[in-house]
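Start counting the sequence shown at 64; every next residue gets the next number (our numbering).
C-beta atoms are modelled at their ideal positions from N, C-alpha and C, and glycine is treated no differently.
Take a look at the structure below.
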Amino acid sequence: MFIRLTSRKVRLALAVCPGAILFLCAWAFWWEPASLQIVRQTITLRPWHMEHEGLKVAVLSDLHVGSPHRSLANLKEVIAATNAEHADLIVVLGDLVIQGVAGGRFVEPEPIAAELEKLQAPLGVTAVLGNHDWWYDGKRVRRALEANGITVLENQNMRLTYRGQSLWLCGLADLWTRGDRLTETLAEIHDGDPVIVLMHNPDLFPEMPARVSLTLAGHTHGGQVNFPIIGRPVVPSKFGQRYAYGFVEEGGRRLFVTGGIGTSIIPVRFRVPPEVVLLTLNREQGH
């Protein structure tokens with residue numbers, strides 16, 4: 064009897080396993096990379112002006128237009144979904160183009176930027192560039208964005224006014240391809256107004272001074288794959304999974320890393336769906 068039951072279990076397992084493998088492959092290589100979710104999160108900050116309570120920032124990163132499931136037509140859907148959130152400010156954190164993703168088809172930066180021009184926010188659209196943009200032609204990507212009304216910050220700061228009070232955007236150049244100019248760039252801000260740092264690669268976060276209210280980054284894609292228990296086996300960061308995804312608070316400093324939208328190298332996503340992030344920024348009580 065024991066042998067007969069065991070044999071039945073083996074046969075059942077052999078019958079089920081191919082179907083399960085097929086289902087997981089379809090999920091990871093087709094359904095999830097082609098999906099899009101809106102991630103809404105509220106973060107409390109200091110320093111932060113009382114007048115800026117409830118400021119909404121939409122975060123897009125790693126569009127990788129031309130990767131599988133991420134065509135120009137699909138980008139239109141991403142833009143429509145972003146505009147539907149009615150953010151006060153939209154930021155794009157780099158890697159508009161692709162380099163060598165399996166099954167991808169390269170798309171020039173000019174038509175990508177022409178679609179991004181349709182993003183709408185009262186405080187405008189501000190971008191930094193990523194490593195893939197510079198591996199291709201960073202100057203050309205920047206020209207394309209600026210020709211379509213999108214501000215690009217490359218180790219530069221920009222003052223914004225919201226409800227009569229100022230805040231700063233500090234946009235850093237890509238760490239891998241352009242180096243570290245964090246200290247010099249922040250030194251050009253001489254007042255105590257809140258600062259939001261925009262950067263592609265989160266690996267500069269340990270150097271971030273406490274006077275920065277919030278740091279936003281992309282680049283990691285959340286590892287693209289996030290196994291139960293094991294976690295994210297491949298993260299393009301010297302810190303491994305430490306800054307792979309989501310909200311991180313260290314020593315009172317705050318970072319949000321988005322998993323982005325497209326894919327790189329292998330067109331797979333598993334438990335890391337493409338996302339547009341909408342952050343609502345509030346003032347920490349007592350500050």
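Query raised in the report: What is the residue span of the alpha helix (DSSP H) that E178 lies within?
Result: Taking the first residue of the sequence shown as position 1, residue 178 is located at position 115. 172 to 179 is the span of the alpha helix (DSSP H), which, as asked, contains E178.
Query raised in the report: Where does T105 land, buried or exposed, given buried means 16+ other C-beta within 10 angstroms?
Result: The sequence position of residue 105 within the sequence shown is 42, counting from 1. Exposed is the call here.
Report task. Kindly indicate which residue of R317, F310, V288 has the alpha-carbon position closest to the one of V275. Result -> In the sequence shown, residue 275 corresponds to position 212, counting from 1. For the residues R317, F310, V288, the minimum Cα distance to V275 belongs to R317.
**Report entry** Cβ-based neighbour list, A190, same chain, cut-off 6 angstroms, excluding 5 preceding and 5 following
**Finding:** Locating residue 190 in the sequence shown gives position 127, where the first residue counts as 1. If we look at A190 and ignore the five residues flanking it on each side, its Cβ neighbours are V155, L208, I213, V215.
**Report entry** DSSP state of R317 mapped onto helix, strand, coil
**Finding:** Position 254 of the sequence shown, counting from 1, holds the residue named residue 317. Note: R317 maps to strand in three-state DSSP.
Query raised in the report: Going by the beta-carbon positions, is the gap between T326 and P174 smaller than 8 angstroms?
Result: Walking along the sequence shown from the start, residue 326 turns up at place 263. Walking along the sequence shown from the start, residue 174 turns up at place 111. Their beta carbons are not under 8 angstroms apart, which means T326 does not touch P174 by this criterion.
Requested in this report: Would you mind stating whether P336 and H112 have Cβ atoms separated by less than 8 angstroms?
Outcome: Here residue 336 corresponds to residue number 273 of the sequence shown, with the count starting at 1. Here residue 112 corresponds to residue number 49 of the sequence shown, with the count starting at 1. Taking a C-beta distance under 8 angstroms as the contact criterion, P336 and H112 do not qualify as a contact pair.
Query raised in the report: By a C-beta neighbour count over all protein chains shown, 10 Å radius and 16 as the cutoff for buried, is E338 buried or exposed?
Result: Numbered from 1 along the sequence shown, position 275 holds the residue referred to as residue 338. E338 comes out buried.
Query raised in the report: Quick one: Cα of R203 to Cα of E148, how far?
Result: Mapped onto the sequence shown, residue 203 falls at position 140. Mapped onto the sequence shown, residue 148 falls at position 85. Straight through space, the alpha carbons of E148 and R203 are spaced by roughly 30 angstroms.
Requested in this report: Could you check if H253 is buried or exposed, using at least 16 other CB atoms within 10 Å of its CB as the buried criterion?
Outcome: The residue you call residue 253 lines up with position 190 of the sequence shown. With fewer than 16 other Cβ atoms inside 10 Å of its own Cβ, H253 counts as exposed.
Query - Y199 versus I329 - alpha carbon distance - result: Sequence index remark: in the sequence shown, residue 199 carries index 136 (1-based). Sequence index remark: in the sequence shown, residue 329 carries index 266 (1-based). Taken atom to atom, the span from the alpha-carbon of Y199 to that of I329 is near 19 angstroms.
Query - From E312, N220, I324, S134, residue whose alpha carbon lies closest to that of P269 - result: Residue 269 sits at position 206 when you count from the first residue of the sequence shown. Residue nearest to P269 within the set E312, N220, I324, S134 is E312 (criterion: CA-CA distance).
Query raised in the report: Does the distance from the C-beta atom of D158 to that of G281 stay below 8 angstroms?
Result: The residue labelled residue 158 in the question sits at position 95 within the sequence shown. The residue labelled residue 281 in the question sits at position 218 within the sequence shown. Judged by their CB atoms, D158 and G281 are nearer to each other than the 8 angstroms cut-off.
Query raised in the report: Alpha carbon to alpha carbon, what distance is there between G255 and Q219?
Result: As a working note, residue 219 is residue 156 in the sequence shown. As a working note, residue 255 is residue 192 in the sequence shown. In a straight line, the C-alpha of Q219 is about 17 angstroms away from that of G255.
Query raised in the report: What number of angstroms, rounded off, separates the C-alpha of G201 from the C-alpha of V340?
Result: Within the sequence shown, residue 201 is the residue found at index 138, counting from 1. Within the sequence shown, residue 340 is the residue found at index 277, counting from 1. Answer to the nearest angstrom: the Cα atoms are 25 angstroms apart.
Requested in this report: Starting from the C-beta of K119, find all residues in its chain whose C-beta is less than 8 angstroms away, skip the five residues before and the five after it, and write them out in chain order.
Outcome: Along the sequence shown, one-based indexing puts residue 119 at 56. Cβ within range, chain order: E148, H149, A150, D151, L152, L341, L342, T343, L344.
Report task. Tell me where the beta strand (DSSP E) around R205 begins and ends. Result -> Taking the sequence shown and counting its residues from 1, one reaches residue 205 at position 142. Unbroken run through R205 is the alpha helix (DSSP H), 201 to 210; no beta strand (DSSP E).
Query raised in the report: Just how far apart, CA to CA, sit S300 and V288?
Result: Indexing the sequence shown from 1 puts residue 300 at position 237. Indexing the sequence shown from 1 puts residue 288 at position 225. Distance between the alpha carbons of S300 and V288 is about 15 angstroms.
Query raised in the report: Among the residues of its own chain, which have a CB less than 7 angstroms from the CB of L186, if the five just before and after it don't count?
Result: What you label residue 186 is simply residue 123 of the sequence shown in a count that begins at 1. The beta carbon of L186 sits closer than 7 angstroms to those of D151, L152, L223, Y225, all from its chain and outside the five residues before and after it, given in chain order.
Query raised in the report: Is V331 helix, strand or coil when you go by DSSP?
Result: In the sequence shown, counting from the first residue as 1, residue 331 sits at position 268. The three-state reading of DSSP puts V331 in coil, since its state is none of H, G, I, E or B.
**Report entry** Expected contact under 8 angstroms - CB spacing of G193 and D237 to nearest Å
**Finding:** Mapped onto the sequence shown, residue 193 falls at position 130. Mapped onto the sequence shown, residue 237 falls at position 174. Rounded to whole angstroms, the Cβ separation of G193 and D237 is 5 angstroms, and the two are in contact under 8 angstroms.
Requested in this report: For L245, I'd like the list of residues in its chain whose CB is within less than 7 angstroms of its CB, leaving aside the five on either flank, ordered along the chain.
Outcome: Taking the first residue of the sequence shown as 1, we reach residue 245 at position 182. When the five nearest sequence neighbours on each side are left out, the beta carbons in the same chain lying within less than 7 angstroms of the beta carbon of L245 are those of L235, L267, E270, in order along the chain.
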